[in-house]
Amino acid sequence: MSTLALTEEVRVARPVAFARTPVCDEAREAAVGVLSSGWLTTGQQVAEFEREFAGYVSAPRAVAVSSCTAALELAVRSLGLAPASKVLLSANTFCGAAHAIMHAGHIPVLVDVDVESGMPSAATTEVAAARAGGVAAMVVVHLGGLAADVRELATAAHLPLTMVIEDAAHALGTLTQDGHVGALSRATCYSFYATKNLPIGEGGMLTTADEEFADAVHAARLHGMTKDAWRRYLPGGGWNYDVAADGLKANMTDLQAAIGRAQLKQVACWNEDRRRLASEYDLRLGHMEGVLLPPRSSDTVHAWHLYAIRINDDFGISRDELSRRLAAAGVGSSVHFIPLHRLSWFSGRVEVPPKGLPGADEVFARTLSLPLHPMLNTGDVDTVCEALSEAGGRA
Ligand SMILES: *Cc1c(COP(=O)(O)O)cnc(C)c1O
């Protein structure tokens, strides 16, 4: 009897991590293959990954780099803007995009967000562009995997689509009427960070339909060395090269690319898992008092990188208290994002309107991203939703 009671008491649901990284068997084998090949840095695997990735998203060109942040910096640099140009950026995004703009020598102009979508609207974009006295370019983020309307935002900013860069770190698998995101803008940047829909650990990709732009990024990712300077160490390669442009050290390695090629074959399946898990959350949380489901749109396909709920006053406790209680119950959660103007480095370095960014602050106070990755099962979703309900929600 007492043993049973004890078992009952210490029985806890299996902890649910906010994120875990799936690595398929083929990726493991591919990694070992590269390690035994005698060539670890940028080479044939990178070239093949670029070709296959471009095919997957139907982009004419793809250039592999060390991270999405590097892709964004290379993209902004390759726009050829005058020094200290103003570049529109959502206040509710990852700091990497702001760093990219600043490292390229420009000034991020923060755009407030629509409280529903968490992203800039045509209206907030127009206000930010006008306040800045005109802008030279814009970075558009597809938050959580929900498509932003690139055409509408470019019009609102009075920019041609050639001056728009897409941050698609969450959006591999996001589809609009134009197909995969990225079909309209100058360049689109993807992340292969450990938690993203195509995880390698670290890595990024830039896609574009502009051949010259692709060539410029290709050179600039490796010191601005003339094309294929890496071949100088291969049998029969010549030692000679030129540095013909400014550049970064932001090349992808063959080890990353080999893992990426194998993982790319799983992405459609993993995205399907994400979509299914998202609808399981929808079912369980749809009627929970004080909980708003993540925004979506009926005419686009969501990549479900994040499942971010909003908590309102009816929930009974704050977002911070909820996240603490979930953690105590063994459930991981996260916040996307701390608005850029709330990060100390950026205050005084980015343009913020005198009245602040109330939309971004409102979303920040209420948003919470729940675990969503292909290694979760239905039981895990139950665990998360039960923990939410016990923490404050009245189902
Ligand atoms: C993860 C992320 C990035 C940065 O990606 P890295 O590959 O880590 O540089 C950029 N933008 C957004 C919205 C992200 O979530």
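The number in the working numbering is simply the position in the sequence shown, starting from 1, with 1157 added. Glycine included, each C-beta is placed from N, C-alpha and C at the ideal position. This one's a predicted model, so the numbers in the text were calculated from it and none came from an experiment.
How many Å lie between residue i and residue j at the Cα?
i, j, result
"G1536", "P1172", "11 Å"
"L1533", "V1307", "32 Å"
"W1502", "P1496", "12 Å"
"Y1350", "A1221", "13 Å"
"D1324", "T1364", "11 Å"
"N1568", "G1339", "The question about residue 1568 has no answer, for the chain in this structure spans 1158 to 1552."
"Y1347", "V1296", "13 Å"
"V1189", "H1444", "48 Å"
"V1298", "T1198", "30 Å"
"H1493", "Y1390", "43 Å"
"F1157", "C1426", "An answer regarding residue 1157 cannot be provided, because it is not within the stretch 1158 to 1552 covered by the chain."
"F1370", "L1379", "15 Å"
"S1193", "K1512", "58 Å"
"A1435", "A1216", "28 Å"
"M1382", "G1404", "8 Å"
"G1290", "W1396", "49 Å"
"F1472", "G1489", "19 Å"
"P1510", "K1406", "35 Å"
"Y1213", "G1253", "25 Å"
"A1366", "D1372", "11 Å"
"V1321", "H1337", "16 Å"
"R1288", "T1312", "16 Å"
"V1374", "G1237", "12 Å"
"A1257", "T1319", "18 Å"
"V1191", "A1170", "40 Å"
Beta-carbon separation of residue i and residue j under 8 Å?
i, j, result
"F1274", "P1515", "Reading off the sequence, residue 1274 comes out as Ser, not Phe. No, these two residues do not count as a Cβ contact at 8 Å."
"L1332", "T1457", "yes"
"G1542", "R1388", "Note on residue identity: the sequence assigns Cys, not Gly, to residue 1542. Against a cut-off of 8 Å, the Cβ pair of R1388 and C1542 comes out as no contact."
"L1246", "A1255", "yes"
"D1411", "V1180", "no"
"A1554", "M1276", "There is no way to answer for residue 1554, as the model of the chain reaches only from 1158 to 1552."
"H1498", "S1491", "no"
"S1223", "G1361", "yes"
"D1269", "A1248", "yes"
"T1352", "A1176", "yes"
"L1525", "R1482", "no"
"V1292", "A1314", "yes"
Give me the Cβ distance between residue i and residue j, rounded to the nearest whole Å; I'm assuming they're in contact under 8 Å.
i, j, result
"A1376", "A1401", "7 Å"
"A1219", "L1329", "About 12 Å; that fails the 8 Å criterion."
"L1303", "A1279", "Contact flag wrong, Cβ pair sits at about 16 Å."
"L1450", "I1474", "Between I1474 and L1450 the Cβ distance is about 19 Å, and since that is not below 8 Å, they are no contact."
"V1507", "L1267", "5 Å"
"L1463", "H1327", "7 Å"
"Y1438", "V1538", "6 Å"
"A1211", "I1416", "Rounded, the Cβ-Cβ distance is 18 Å, inconsistent with contact."
So is residue i buried or exposed if we call it buried at 16+ other beta carbons inside 10 Å?
i, result
"C1225", "buried"
"N1469", "exposed"
"G1549", "buried"
"P1356", "buried"
"T1160", "Residue placement at T1160 is poorly supported in this model, since its pLDDT is 46, which falls under 50; the coordinates are not used for a value here."
"T1540", "buried"
"P1392", "exposed"
"E1207", "buried"
"S1480", "buried"
"A1286", "buried"
"T1281", "buried"
"R1523", "buried"
"S1242", "buried"
"E1413", "A small correction: the amino acid at residue 1413 is Gln; Glu does not occupy that position in the sequence shown. By the 10 Å Cβ count, Q1413 comes out buried."
"S1235", "buried"
"A1227", "buried"
"G1394", "exposed"
"R1168", "For R1168, the predicted model reports a pLDDT of 47, less than 50, meaning its position is unreliable and no value from the coordinates is stated."
"G1358", "exposed"
"G1195", "exposed"
Between residue i and ligand 3, is there a pair consisting of the residue's CB and a ligand heavy atom that are separated by less than 7 Å?
i, result
"G1361", "Inclusion of ligand 3 in the displayed structure is not the case, the ligand content consisting of ligand 1 alone."
| query | Would you call the region 1425 to 1441 and the region 1527 to 1534 touching, i.e. three or more CB-CB distances under 8 Å? | reply | Yes: at least three Cβ pairs fall under 8 Å.
| message | Check whether the region 1226 to 1233 and the region 1260 to 1268 are in contact - that is, three or more C-beta pairs closer than 8 Å. | response | With a cut-off of 8 Å, the region 1260 to 1268 and the region 1226 to 1233 count as touching, because enough Cβ pairs lie within range.
| field | At least three beta-carbon pairs within less than 8 Å, the region 1413 to 1423 to the region 1516 to 1526 | value | At 8 Å Cβ cutoff, the stretches do not touch.
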